[in-house]
Every structure is written in C-alpha cells, then in structure tokens.
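Since the structure comes first, as structure tokens, the remarks are kept for the end.
Number of protein chains: 2
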Amino acid sequence: MAEHLYLQVAERIEQLIEKEVIKIGSKLPSVRTLSKENGISISTAFQAYYHLENKGLIEPRPKSGYYVKFSSKHLPAIPKTCQPVKKATEVSASEMIIEVFHNMTSPMIARFSVAAPPVSLLPAAKLNKSMIQAIRQSANSGLDYEQLPGNENLRKQIARQSINWGGVLSEDDIIITSGCMDALTLCLSATTQPGDVIALESPAYCGAFQLAESLGLKVLEIPTDPESGVDIAYLDKAIPKFKIKACLFVPNFNNPLGALMPEQNKKALVEIINKYNIALIEDDIYGDLYFGKQRPSNLKCYDTEGNILLCNSFSKSIAPGYRVGWTAPGKYHEKVLRLKLNHSIATATLPQAAIGHFLEKGRYEHHLRNMRKALHTQCLRYQQAVLEYFPADTKMSRPQGGYVFWTEVNPKVNTFELYEKALKKKISIAPGRIFSLQDRYLNCLRLSHGQPFTKEIDDSLRILGKLVHQMS
Amino acid sequence: MAEHLYLQVAERIEQLIEKEVIKIGSKLPSVRTLSKENGISISTAFQAYYHLENKGLIEPRPKSGYYVKFSSKHLPAIPKTCQPVKKATEVSASEMIIEVFHNMTSPMIARFSVAAPPVSLLPAAKLNKSMIQAIRQSANSGLDYEQLPGNENLRKQIARQSINWGGVLSEDDIIITSGCMDALTLCLSATTQPGDVIALESPAYCGAFQLAESLGLKVLEIPTDPESGVDIAYLDKAIPKFKIKACLFVPNFNNPLGALMPEQNKKALVEIINKYNIALIEDDIYGDLYFGKQRPSNLKCYDTEGNILLCNSFSKSIAPGYRVGWTAPGKYHEKVLRLKLNHSIATATLPQAAIGHFLEKGRYEHHLRNMRKALHTQCLRYQQAVLEYFPADTKMSRPQGGYVFWTEVNPKVNTFELYEKALKKKISIAPGRIFSLQDRYLNCLRLSHGQPFTKEIDDSLRILGKLVHQMS
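Each protein sequence line maps, in turn, to chains A and B.
For the first sequence, position 44 (counting from the first letter as 1) is numbered 44 according to the UniProt record's numbering, and the numbering increases by one without interruption.
For the second sequence, position 165 (counting from the first letter as 1) is numbered 165 according to the UniProt record's numbering, and the numbering increases by one without interruption.
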C-alpha cells in the first residue's frame, strides 16, 4: 500500500539528516520552497515538517523557519556485546523479579518498566465492534468449547498474514493459545524434559527465566549483540558442549535489547539448529512493530525440518487482556496439541472470534500502520531525552522496532538502587540485573518507550537522569 | 428460597413412590382429589403430576387417570467397589483416549460420551447481556491485562457463593484460572515434582491421567465406591507406603461414577491429609449440580492447615467456551500465583468480568435451579431407558448430581468394541477402559445424561441396549 505523500517527503529529509547532508543547526527550505520543489501542496509540505518535528528531528524557530535539531548519529555509543558466564545455571527464584513485578500494578507517574502498549494506542472502539459481531456470529453465542486448535477463521487470517514475513503457513499449521506465554509454555514443555538445558539470549526477558524455572529446566545464556542479536558462532559450539535441547530466542526486536537479527544470521541459525536436530522456539511477539519500511522475516521462513516453533500473540498490538496468542510448532504440532488438551482443553471462544473478525475486516493492518509510526516517534523522543538528561558516558541500544531500549550507565551506578530511588518518585524502571541469572548488568536498565511522550514523561526522564548523575 | 408449591407436592408423592408406599401400577388420586386434599388449585395439582410424568415416575392412562410407572428401587444393582491394582503406574499415552477424544467433534445422533452441558440448557441471552455490560463497565473495554489473581468482582461473588457449601472464603483466597483444567494444572505443578506419586480415584476422569502424564507424575489408583467415593481407609495406608505427595479427588458427583462422599468421610479424609501433611486437590466442578435439597459441602470446609486446594469452574454450569475457572489453593496460594504469572500472565479480561456481572445480578442462582431440575429429570429418564433396553444383568451407579452415570454390563462385553459398533450408528459412548491406567473396566461404560431426553436419545439407548444384548 502506498504511503502518504507527506511521509515520502519527510522520509527523504530524514535520510538527509541521518547522513548529515543537512547538519544539526542548519536551516531547512521554507515550506513554500519544499512545496514547489517536490510538487506538493503547501499543506502537505507543512505535514511533512510537522511529522519530523514530532519525531524531535527538526524544530521551528519563530519568524525564521525550520532547523535541524537532532540526528541519531549523535546518539551515544551502543552498549558492548554481552558476554555471559559460560555455564548452565539452575534457575532460582529471584526476589528482585518478584519485587519488580509486584510494583508493576502500583500507581506511577511514569512507567518505564513495562514493555506493553498503552491503552491509548489500542483500537478499543473497533475491537468492541468485532466482539459484538463475534457474539452474534458464533454458533451458540460463544458459550460452547472452541475446537482444540482454535477458531478456524482466526487461524486462516494468521496464515494469510504470514505472507507479510515471507512465510507459507496454512491454518492447519497453527494452534491458538492463551497469549504468547501460554504458547511458550506449551512449546517448551513439548520439546524438553525437566533437567534439560535450554539456551536463552543474554540479556533476556525475565519471564523466560521464570518459565524455565517452573518447568525445571537449566539455562545457558548466549552472548547477544545489541544490534545483531544472538552470537550464532558461540551457539554453534555451545549446543554440543552443553547438550542444549532447545533454544528460546526473540530474533526480531528482542526484549530487553531491541536487537534485530540480520537476514544471513537467521539463515545460518536455522542451519545450525538443523545440524544438531534440536528445537528452536522463535518468539516473534514484536515482529509486527517494526520502525523501518518492511516487516522483518522469521526464522520460520528457513524451516525445512519442522524444528522451528514460531510463537506470537496479539497482546502487544491489539489487546493484552484478550489473551490470544498462537504457535506454528512445526513437527511438534501433535505434541503441542495434546498438551493444550491436557492443560486447558480449549482457548476462550469469544476473544479468538473477535480478533479473527478484526483481522478479516482489514482493521489490523490499518491499526498497525498508525501504531508503528507512534512507537517509532516515541522511541526517538525518549532517546533524545536520555541523551539530554543522562551523563555523557551513557550508552543506548538502537531498537528498530518494539517497545524497549537498553541503557548502560556508569559502572558506579547500581541500577537496582536507581530502581528503588526512582520508585520513591513514582517512576518505575526495569533494572538490568533481572534480565540474567548471572550477577550481571548491574549498571544497565531497560527503558520502555510504550507510553506517549508527554511532559510527565519528559520530566520523569529528567529526574531519572539527575539520579544517575548523582550516583555516577 | 421457597420452592414452588407444585414441587413440594410432587416431592411428597415421589417419596411415597420411592418407599413403595404407592407401588408400581397403582392408581394415583385424581387431580381433583389431590387439589382438595392439599389445599392447592387444580392447575397446581396438574403441574405436580406433569412434573412427575416428566421424570418418568408416573404415566397418564386415557380416561382413567395417573398411575405409578417407575420407582428407583427397581433400578438394577450398583456396580461393585473398584479394586485397583496396588502399584503406582507411570502414565503412558493411551491411544484409546486419543481415539475417543478425536471422535468427540464428529457429528453424532446421540453423544453419550461428553460430560458437558448441552447449549440448550445454558443461559445464552442473559450471559450475552452480561458480556455487553462487561465491555461497557471495564476500564479500557477489557483490552488491558486483568490483575494477576483475576477480576475482583468475580472473586467477591465466588467468595459470597462459598456460604452455600459452608465455606468461608474471601476474595483474597481465590485465583481465577482459564477453566478448571488450568486450575488443576497449576495446583498439581505447585504441589509436586516430576517423578512424584499422586493418588487418583479409580475409575477417574481420563483427563486427570493425561495431565499427570504431561507433568511427569506417577499415579496410584485408589479404590472408589460408586456411592461413597474414595476408600479412605485404603488411602490412609497407601500414603506412607507409596510416598504419595498429592491427591486429586472429586468428592462431589465424581466423574465417571457420580459418587457423593458422605460428610463423615470428608471430615476423616481431611484429617488423614493433615496427618501426613500432604496436598489434596479438590475438584468440585459438579458440586453446584446436585439433585437433592442441599448443596453438598466441600473438603475445604474442614481445611484447618491450608492443605486443600479447591478447584472449580463455570464450564459445566454457564459457559464452557468462556474458560473461566478458579482455585482457592490454601497455603500454596503464592506458589500458584507465581506459576500463573510464569505460564500465562493473566486470564482473559472480558469473560471473567461477564461472569462476575452474571453472578452479581443473581442470575447464576436462578439459572442453576432450572438446570438442576432438568439434569435430575434427564438422569431418571436415561436410567429408566437403560433398565428397559439393556440386559437384566446390567448394573448402574446412582448419581446424586452431575452429568454422568457408570454402567457395568456382562463381563463378556468389551465396551471398546461396543464403542466402535455404536460409533458406526453415530452413537458415542465412553468405554470404561479409558478411566484407568490398569487394564480394567473392560465391561463398563460411562453414559452422560447431559442432553435432554428426546426420541433420538431414547432410540439410541435402545440401539445401544440391542448391541449389548448381542454381545452378552
């Protein structure tokens, strides 16, 4: 689908700013000139500048015109690749994770700790309509059990969507689950036995460690680069050495780094998995939320042997509360289906039907376009604020999609102390320590840019920066 | 709440029939006499007789009046107490269970294999209203995550309901789950480690064996009486001998027997559990569906130590497809909550809110009254038909509530063969073999009386009886 004209113009200017063809402080062409040179209307030219202003890249100066304000070339260094301790670790319940989780529901001025969409970005009215339609269209008002694999229309729509990332799924490949965590739980249960070793990224989503613990699994943390993701050469050696039975990775905009695995790495990773004939659970929950031109591909595209168990959900894009996720578990399909039957019989009927209807009506694509733009803009504004308020030695990852970025501050700063100090000011962050089982990332934090960038957010980031200054 | 007048009169007559004060074949008083003697209107007297006729207890004869047709004293013998093999068994996937489950979704004339409510008995219209209200009343249209323990109003309503069975739950004791199976999964995971031995009834719900298998547990089957449930003297000796870590029992109208554990046994059972300080998971999913005057109590009433993990759901009474269940897991509360967080984060927001609203408006009590009457009537009609069509040596359990009864036929009859023969005639039954891990119950079957008693049901039971005759 063709992008709006103003976006095309804005993107060309953005690229010129990125490449420093137009430097920070330079004056941009007037609105009138922009209009003439590009053969667009005055109002479209205004829209293009307004869009760039909103992203924090340019600023209007009274009676003078627009000036370049920011280029991401000026963002601080990217944190170094994470080198975890090289042994498999029995997961033990971290009091810190529980502490952080408990504070997730207490009232906050700024919640930088949650990698989830704010309700203001969610399509409430249209989804309500789809829910009402689902009640009307469902046999028996949705009171009956849904069939075991899940709502047929929803599975068809998901299969249709797979074209966007180069997949060729059919509805028969897909099993609906109660959110992505349920999909991960079923897939890990289907591919491992208690006592087995699994590989996670380092740093990785703390919920993955908790899940591994509750299934009695040991975890090996694989070094992960903030730009390119998992170190696949390291993994290649680690699989036989540590007898890894399954990997659980997030190749697209992983949490907490926001890393995006390059195409050739994805291909090579699947080859390694096939060489050792083990399972890889691919969590693609952020894949639809890319900032660039194109949706990134999935490992599943390269899956010739059925070793890739793709998991996803609509919790980060439409409705966390609907608890609708899915998996395409390759050759573990029957096993996952059996586990689903044993543990929960079926997924709730109406939420699935409503999301199926929402997708069928093309509402998902439309909604995602707006959401992606909003998230990209927010990410830029947040990073600009951190650059402004945090000490000069601060490093930041450069997410190309998703909800979070990873920040490394001066080694003197213990971010769990920072977490506690910020909490007193009703600001929540996710300290780096909770993203590993090793005693690591003590001077790192994960910041979520999910909430729209408001004055409260700006103030809160300033307060956070001041705290880091004091502690550095 | 006072029962209707016609029901009071009908129940008195029913008791006289039960006690054979009025024998089968005897003429009942005329409607006019009944009206006069009981000081009720003619139409109320008609209603009373109509109610008894509907239950299959009396019949009108043209130009003569009403005659006694049936007394449950004339039901065949009850199957003998089940004596399982005395060793713990590693659960292995039974092909037979998969086979039976797969056929559950194929079209049938009579589905005697499913212990679930027919949609015709469910409160679709009123529940739809509650769902619409839930969307309107929920903060953010239910798009947001529900809090970890579940919808507060629903938990309050469930706590309020606990008075009905003599419980004293508060909303803080309760955790909402995605149906009862999810509650059982969480509770078993919280109380056991892979390799542990758990105790189940024998025969027991086949899903419990499947769940145990997927959690890597060994199962000891405890002898269970079709009238009084689990043999607690046997259990008392088995716990130390087999190092049982947890029990999973259904004291009220268990599946497949329909047994109701007497009050003194319940009390004694909890004492045994406390003596050994192990966990007991109490599945009370049929408790609200009693045929008698009063709701049976729960083991949880006697729980002084927090060893009883009560599990329940609304799947058998309101809406299987909503997947809303709950647990009050006693001293395992924190552990179950952690597991819920790790495996699924939260339960779907809107279905919980809708059921909370449904309960709050008093719709649940009203609905249950009608449902219980219908199920009791259906059970009587089904059992009368089996008595009529099956061979004379057939034995049947006497459920006092729930959806199923247990039938034992001539030892020559292999009920898996019967299952296969019936399937060809579009009739599904649950063969006894799937309710044990031992090679047992080969001449038993479970019949569900959940579907309203129609001509098709009557015909199908006649066909089933003919098959049993041929195979005996």
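No residue lacks a Cβ here, since even glycine has one placed at the ideal position from N, Cα and C.
(message) So for S138 of chain B, helix, strand or coil by DSSP?
(response) Coil, per DSSP.
(message) Quick check: the stretch 365-380 of chain A against the stretch 287-302 of chain A, are at least 3 beta-carbon pairs closer than 8 angstroms?
(response) The stretch 287-302 of chain A is in contact with the stretch 365-380 of chain A.
(request) Drop a sphere of 10 angstroms on the beta-carbon of H74 of chain A, count the other beta-carbons inside from all chains shown, and report buried for 16 or more, exposed for fewer. (result) With fewer than 16 other Cβ atoms within 10 Å, it is exposed.
(message) Buried or exposed for S162 of chain B, going by 16 or more other Cβ atoms inside 10 Å?
(response) Buried.
(message) Output needed in chain order: residues of the stretch 169-189 of chain B with a Cβ under 8 angstroms from some Cβ in chain A.
(response) Considering only beta carbons, the part of the stretch 169-189 of chain B lying closer than 8 angstroms to chain A consists of S178, G179, M181, D182, T185, S189, in chain order.
(message) What would DSSP say about F253 of chain A, mapped onto helix, strand or coil?
(response) In this structure, F253 of chain A counts as coil in the three-state DSSP scheme.
(request) At 4 residues or longer, and completely inside the stretch 375-427 of chain B: list those alpha helix (DSSP H) runs for me, N to C. (result) List check, alpha helix (DSSP H) in window: 415-424.
(request) State the Cα-Cα distance for the pair P149 of chain B and V119 of chain A, rounded to the nearest angstrom. (result) Approximately 21 angstroms, taken between the alpha carbons.
(request) Consult DSSP for N151 of chain B and reduce its assignment to one of helix, strand or coil. (result) DSSP places N151 of chain B in coil when its eight states are reduced to three.
(request) Please state whether DSSP places N312 of chain A in a helix, a strand or coil. (result) Of the three classes helix, strand and coil, the one that applies to N312 of chain A here is strand, per DSSP.
(message) So Y145 of chain B contacts chain C; which residues on that side make the cut at Cβ distance below 9 angstroms?
(response) Protein chains A and B are contained in the structure displayed, whereas chain C is not.
(message) Is there a C-beta anywhere in chain B that falls below 8 angstroms from the one on I345 of chain A?
(response) Using a CB distance cut-off of 8 angstroms, I345 of chain A counts as an interface residue toward chain B.
(request) Using DSSP bridges, identify the partner residues of Y67 of chain B. (result) Answer by DSSP bridge pairing, in chain order: B:K27, B:E59.
(request) Please confirm if P351 of chain B has its CB atom under 8 angstroms from at least one CB of chain A. (result) Interface residue, yes.
(message) Suppose you measure from the CA of Y66 of chain B to the CA of E408 of chain B; what does that come to, to the nearest Å?
(response) One C-alpha to the other measures close to 33 angstroms.
(message) Between R323 of chain A and A346 of chain B, how many whole angstroms is the CB-CB distance? I'm expecting something under 8 angstroms.
(response) Sure, about 7 angstroms apart at Cβ, within 8 angstroms.
(request) Taking only beta-carbon positions, decide if N307 of chain B is within less than 8 angstroms of chain A. (result) Judged by the 8 angstroms Cβ criterion, N307 of chain B is not in contact with chain A.
(request) Leaving out five residues on either side along the sequence, give the residues of the same chain with a beta carbon under 6 angstroms from the beta carbon of G432 of chain B. (result) The residues T415, Y441, C444, L445, in chain order, have a CB closer than 6 angstroms to that of G432 of chain B in the same chain once the five nearest residues on each side in sequence are set aside.
(request) Give the range of the beta strand (DSSP E) segment to which C444 of chain B is assigned. (result) DSSP places C444 of chain B in the uninterrupted beta strand (DSSP E) bounded by 444-448.
(request) With K218 of chain B as the anchor, note down where its alpha helix (DSSP H) starts and where it stops. (result) K218 of chain B: not part of any alpha helix (DSSP H); member of the beta strand (DSSP E) spanning 218-225, first to last residue.
(request) Give the C-beta separation of I135 of chain A and G142 of chain A to the nearest angstrom, bearing in mind that I take them to be a contact with Cβ-Cβ under 8 angstroms. (result) About 6 angstroms; that satisfies the 8 angstroms criterion.
(request) Would you check if there are 3 or more beta carbon pairs closer than 8 angstroms linking the stretch 240-258 of chain B to the stretch 218-228 of chain B? (result) Verdict: yes, contact present.
(message) Rounded to the nearest angstrom, what separates L280 of chain A and R338 of chain B at their Cα positions?
(response) Distance from the CA atom of L280 of chain A to the CA atom of R338 of chain B, rounded to whole angstroms, is 25 angstroms.
(request) Going by CA-CA distance only, name the one from A:K27, A:L211, A:L34 that's closest to F70 of chain A. (result) When only C-alpha atoms are compared, the closest one is A:K27.
(request) Kindly list, in the order they appear in chain B, the residues whose Cβ is closer than 9 angstroms to that of P107 of chain A. (result) Residues of chain B whose Cβ lies closer than 9 angstroms to the Cβ of P107 of chain A do not exist, since the nearest Cβ in that chain is about 13 angstroms away.
(message) Rounding to the nearest angstrom, what Cα-Cα distance links residue 514 of chain B and Q137 of chain B in this structure?
(response) Residue coverage of chain B in this structure runs from 1 to 472, which leaves residue 514 of chain B outside it and unanswerable.
(request) With 8 angstroms as the threshold, decide whether the Cβ of S214 of chain A is near any Cβ in chain B. (result) Yes, S214 of chain A counts as interfacial toward chain B.
(request) Give the straight-line distance between the Cα atoms of F453 of chain A and R295 of chain A, rounded to the nearest whole angstrom. (result) Roughly 24 angstroms between the two C-alpha positions.
(message) Let me check one thing: in DSSP terms, what residues is P431 of chain A bridge-paired to?
(response) Bridge partners of P431 of chain A: A:L445.
(request) State the Cα-Cα distance for the pair L7 of chain B and R381 of chain B, rounded to the nearest angstrom. (result) So the two alpha carbons sit approximately 18 angstroms from each other.
(request) Could you please give the first and the last residue of the uninterrupted alpha helix (DSSP H) stretch that includes V468 of chain A? (result) Segment 455-471, the alpha helix (DSSP H) holding V468 of chain A.
(request) Taking C-beta pairs closer than 8 angstroms, name the residues in chain B that Q210 of chain A reaches, listed in chain order. (result) Near Q210 of chain A (Cβ distances below 8 angstroms), the residues of chain B are R338, L341, N342.
(request) Have a look at I40 of chain B and Q47 of chain B and give me their C-alpha separation to the nearest angstrom. (result) Their Cα atoms are separated by approximately 11 angstroms.
(request) For residue 476 of chain B, write down the residues that DSSP places opposite it in a beta bridge. (result) Because chain B in this structure spans residues 1 to 472, residue 476 of chain B falls outside the shown range and cannot be described.
(message) Run through chain A and tell me which residues come within less than 7 angstroms of S397 of chain B, C-beta to C-beta.
(response) What S397 of chain B touches in chain A, judged by beta-carbon distance under 7 angstroms, is nothing: the nearest beta carbon there is about 25 angstroms away.
(request) Counting only the same chain and skipping the five closest in sequence on each side, list residues whose C-beta sits under 8 angstroms from that of S189 of chain A. (result) Taken in chain order, the residues that qualify are L215, L339.
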